[in-house]
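Here's the structure we're looking at; comments come further down.
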Amino acid sequence: MKTELKIILGLFLLIGLTVFAFNSKTWEQPKKNYEYTIVNRWELPEILEEVSGISWIGNNKIACIQDEDGTIFIYNLKTSQLENKIDFANKGDYEDIVVFENDAYVLRSDGILFRVENYLTSPTVTEYATFNDDSRNVEGLTLDKNYNRLLLAVKDEKHKEKAFKGIYAFDLVTKKFQFLPKYKIDMKDEIFKNLEGKKTHKLMRPSALTFTNNAEEIYYLDGAQPKFLISDKEGNLRKLYQLNEEEFNQPEGITISPDNRIFISNEGKKGLPNILEVEFH
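Residue numbers (the working numbering): 6 to 286.
Right, dumping it as structure tokens:
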């Protein structure tokens, strides 16, 4: 009788554990559905651990910069190799790069622009000042072909109570900087309403931006709290994507190929730095 009782109790225990395991799986928090697909991935060499900006230059090649060195690195997506390095300045906090025809423009976080003429053959460097101070922490740079100007995105506006992040213009013809923003990312826009636990001025901290090839939209990245934001060409906010931090460690650079492929670079905070080709849905 004791043996039978033990068998019965054992069966009840087994059934109980099975039910618990099933219910535990049932109660697991469902994984978040992210509205994008990572199509390709390239792991970058250690020297680009702090990759902070990228720009498509053609022939499956991307120009990269990193936070600490005044060097342009040419990375070949087809061979997955670094194939060239161009020194243009001393050490500094370099944040983004744009290549336009034979020239490369590099942005330092204090707003200084470096024009590297004929960057692949016989580089000549000219510096241009933009902001009068470095408190804004300028991280994004892109080319606005329609108006022959560069646009600079501010990560931390000087006056937080304004509740916007400004996008400012540098005219490529006059070489003059415009101190009034051409676009504003409104931190009180409805698009940010579901973001919790953040002060208003930290809801979006742009680390990079780029125009689409048809110049109808602007794409923004947030590296601190990984996000991808889309606005139209007038600056109206259209869609916000949250990015998985396990896949996007710290997205700091973005560029688009002529056939509309989107590339995002990540610093190597949790492993090797990388470039991801991403499709957004």
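Every residue, glycine too, gets a C-beta built ideally from N, C-alpha and C.
Counting beta carbon pairs with one atom in the region 134-149 and one in the region 81-97, are three or more of them shorter than 8 Å? Under the 8 Å Cβ criterion, the region 81-97 does not count as touching the region 134-149, having fewer than three qualifying pairs.
Report the residue from G145, N279, L242, A174 whose alpha carbon sits nearest the alpha carbon of D161. Nearest to D161 by alpha-carbon distance, out of G145, N279, L242, A174, is G145.
Which residue spans inside the region 247-285 form an unbroken beta strand (DSSP E) run of at least 3? Taking only runs of at least 3 residues, the beta strand (DSSP E) segments lying wholly in the region 247-285 are 256-261, 267-271, 279-285.
Going by beta carbon distance, what residues of the same chain come within less than 7 Å of L177, once the five residues before and after it are set aside? N153, R154, L155, listed in sequence order.
If you run the structure through DSSP and keep just helix, strand and coil, what is I196? In this structure, I196 counts as helix in the three-state DSSP scheme.
Of the residues A134, D115, Y110, G116, the one placed nearest N123, counting alpha carbons only: N123 has its Cα closest to that of Y110, out of A134, D115, Y110, G116.
Let me check one thing: in DSSP terms, what residues is E132 bridge-paired to? Partner(s): F119.
Let me know the secondary structure DSSP gives T217 once reduced to three states. DSSP places T217 outside both helix and strand once states are collapsed to three, so it counts as coil.
In the DSSP assignment, find the unbroken beta strand (DSSP E) run with Y41 in it and report its ends. Where Y41 is concerned, the enclosing beta strand (DSSP E) starts and stops at 41-48.
As assigned by DSSP and simplified to three states, the class of E100: Note: E100 maps to strand in three-state DSSP.
Between the Cα of A229 and the Cα atoms of Q247, F105, D237, S236, which residue gives the shortest distance? Out of Q247, F105, D237, S236, the CA that lies nearest to the CA of A229 is found in Q247.
What's the gap between the Cα of R120 and the Cα of I259? Going by the C-alpha atoms only, they are around 19 Å apart.
Buried or exposed, going by whether 16 or more other CB atoms sit within 10 Å of the CB of T215? Buried, by the Cβ-count rule.
Answer with buried or exposed for T31, where buried requires no fewer than 16 other C-beta atoms within 10 angstroms of its C-beta. Since pLDDT at T31 reaches only 33, below the 50 mark, its modelled position is unreliable, and no value is offered.
Which of helix, strand or coil DSSP assigns to K238: In this structure, K238 counts as coil in the three-state DSSP scheme.
I'd like the list of long-range same chain contacts for E236, defined as Cβ closer than 8 Å, with 5 residues on each side in sequence excluded. The identity of residue 236 in the sequence shown is Ser, whereas the question assumes Glu. Listed in chain order, the non-local C-beta contacts of S236 below 8 Å within the same chain comprise Y188, I190, E222, I223, Y225, L242, R243, local neighbours out to five positions each way being set aside.
By Cβ distance below 7 Å, which residues in the same chain neighbour A220 in space, the five residues on each side in sequence not counted? K150, N151, K238, listed in sequence order.
How would you label F27, buried or exposed, when you count the other beta carbons within 10 angstroms and need 16 or more for buried? Any reading at F27 must be qualified, since the residue scores a pLDDT of 35, below 50, and its modelled position is unreliable; the value itself is stated next. When all chains shown are included, F27 counts as exposed.
Look up L155 in the DSSP assignment and say whether it is helix, strand or coil. Correct three-state label for L155: strand.
Round the Cβ separation of P278 and E272 to the nearest angstrom and send it over; I've been treating them as touching at under 8 Å. Right, the Cβ-Cβ distance comes to about 6 Å (below 8 Å), so this counts as a contact.
Under a Cβ-count criterion, where at least 16 other Cβ atoms within 10 Å of its own Cβ denotes burial, should Q255 be classed as buried or exposed? Buried: at least 16 other Cβ atoms inside 10 Å.
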